[in-house]
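Structure, as structure tokens:
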Amino acid sequence: MNRRKFLSRSYLGATSLLIAPETISGLSKNKKPSYSNETPLYAISTWDVSKANMIAGKALEAGFSAIEAAVNGVAYEESNLLNTTVGKGGAPDRDGIVSLDACVMNHTGNCGAVLAVENITHVAALAKEVMEKTPHVILAGKGARQFAIKQGYKPENLLTEQGKKAWKKWLKNKNYKPEINVENHDTIGMICCDKLGNLSGACTTSGLAYKMSGRVGDSPIIGSGLYIDNKVGGAVATGLGEEVIKTVGSFLIVELMRSGLSPQEACEEAVNRILEKQKVKPNFQVAYLSTNINGEVGAYSIQKGFSYTFYKNKINKNISSDSVYK
Ligand code: SD4
Numbered sequence: 089m090n091r092r093k094f095l096s097r098s099y100l101g102a103t104s105l106l107i108a109p110e111t112i113s114g115l116s117k118n119k120k121p122s123y124s125n126e127t128p129l130y131a132i133s134t135w136d137v138s139k140a141n142m143i144a145g146k147a148l149e150a151g152f153s154a155i156e157a158a159v160n161g162v163a164y165e166e167s168n169l170l171n172t173t174v175g176k177g178g179a180p181d182r183d184g185i186v187s188l189d190a191c192v193m194n195h196t197g198n199c200g201a202v203l204a205v206e207n208i209t210h211v212a213a214l215a216k217e218v219m220e221k222t223p224h225v226i227l228a229g230k231g232a233r234q235f236a237i238k239q240g241y242k243p244e245n246l247l248t249e250q251g252k253k254a255w256k257k258w259l260k261n262k263n264y265k266p267e268i269n270v271e272n273h274d275t276i277g278m279i280c281c282d283k284l285g286n287l288s289g290a291c292t293t294s295g296l297a298y299k300m301s302g303r304v305g306d307s308p309i310i311g312s313g314l315y316i317d318n319k320v321g322g323a324v325a326t327g328l329g330e331e332v333i334k335t336v337g338s339f340l341i342v343e344l345m346r347s348g349l350s351p352q353e354a355c356e357e358a359v360n361r362i363l364e365k366q367k368v369k370p371n372f373q374v375a376y377l378s379t380n381i382n383g384e385v386g387a388y389s390i391q392k393g394f395s396y397t398f399y400k401n402k403i404n405k406n407i408s409s410d411s412v413y414k
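When the letters of the sequence shown are read in order and numbered with our numbering, they come out as residues 89 to 414.
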């Protein structure tokens, strides 16, 4: 199958490049990768998201750019109803409305983001469209939704029966407290390196369960939930977004790598910046995942339980991250 046919089989058309997972694995079976063995081709994602990361890895092998691979990879989790922190099936806010946040950043430093979007599942692809088709970087709320519909996205009900049930149960006590690695796991931040050695990333989430209406976390904020500098490396974040935003976590990690730290050291320092500000032992989670242009990867979190998925040389592995509290 050639690239044109590959694109035409995507479920939102060639421009948005949302490719059904089966399509991409079918393609890779029939086609020899065109890259050489020395190509530093890999994909990393927050949490245990083997299918999404594999989709990205296979897209890279099929010759797609890092940004295309990342958007296609995270699209799997956006459609995954079992993932209650991303896309359709995501937990709603305290008013029972699911609103999604996402951003993308590519190897040229260009970026796009959508904030608090209702009724649209594939918000990472939408963020890519904001980057490519508008003179802006961020579209929020109603405007983002209108733009999506104009681009041909079909509005959907994102609140599943299960999501509604859980929300109704929550309403009985209305007790809002972010839980560590329970309700708030699985925001997906993904960084891909393509066969040209270019880095790009995507980050997509439904945010914190039962958040206030209009609340936006770190995930769609360039420099907080995601940052890429093709000369240095990239970083993504997951966990309590408020704390990531206060320290501009992903940008900080890339800048620390620029000044000579390894991805691991940079993630640890970014976690320390959050901890320095805490007067008592934190009961929230923040986790970082980063990579540099040499293909080294680092991960670190405040609480135990964070892991990441790493695709390289056709092997997709879930790896446990080290943490401050064991
Ligand atoms: C947020 N960082 O909205 C996101 C939540 C998250 O896994 O990462 N959940 O604050």
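Just so it is clear, CB atoms sit at the ideal spot from N, CA and C, and this is done for glycine as well.
Starting from residue i, trace the beta strand (DSSP E) both ways and give me its first and last residue.
i      : result
Phe398 : Ser395 to Lys400
Asp317 : Leu314 to Asp317
For a quick check, are the C-beta atoms of residue i and residue j less than 7 angstroms apart?
i      : j      : result
Glu356 : Tyr315 : no
Leu287 : Gly322 : yes
Ile279 : Thr292 : no
Lys392 : Lys414 : yes
Ser294 : Thr173 : yes
Ala157 : Asn141 : no
Val192 : Thr397 : no
Ser395 : Ser411 : no
Val332 : Ala204 : no
Gly313 : Val374 : no
Gly177 : Glu166 : no
Thr134 : Val324 : yes
Ala150 : His210 : no
Asp181 : Lys299 : yes
Ile185 : Asn160 : no
Val359 : Ile390 : yes
Ala377 : Thr248 : According to the sequence as given, residue 377 is Leu; it is not Ala. Result no, Cβ atoms of Leu377 and Thr248 do not sit closer than 7 angstroms.
Val218 : Gly200 : yes
Val320 : Arg346 : yes
On the three-state DSSP scale, how would you describe residue i?
i      : result
Tyr130 : strand
Leu169 : coil
Leu328 : coil
Lys414 : coil
Leu349 : coil
Ser409 : coil
Gly311 : coil
Gly337 : helix
Leu115 : Low confidence applies to Leu115: its pLDDT is 31, below 50, so where it sits in the model is not reliable enough to give any reading.
Does the Cβ of residue i lie closer than 6 angstroms to at least one heavy atom of the ligand SD4?
i      : result
Thr196 : no
Gly393 : no
Gly305 : yes
Leu227 : no
Leu296 : yes
Gly178 : no
Gly327 : yes
Thr172 : no
Thr248 : no
Thr379 : no
Thr293 : yes
Thr275 : yes
Of all Cβ atoms in chain D, is any one closer than 7 angstroms to the Cβ of residue i?
i      : result
Asn160 : The chain inventory of the structure shown lacks chain D, comprising one protein chain alone.
Task: Entirely enclosed beta strand (DSSP E) segments - the segment 226-301, minimum 3 residues - done: Whole beta strand (DSSP E) segments, 3+ residues: 226-228, 276-281 and 287-293.
- [ ] Scan the segment 353-407 and note each continuous beta strand (DSSP E) run of 3 residues or more that stays entirely inside, going in chain order.
- [x] 374-380, 385-389 and 395-400
Task: Residue ranges of each alpha helix (DSSP H) within the segment 133-215, 4 or longer - done: Within the segment 133-215, complete alpha helix (DSSP H) segments of at least 4 residues are found at 138-149 and 154-167, given in chain order.
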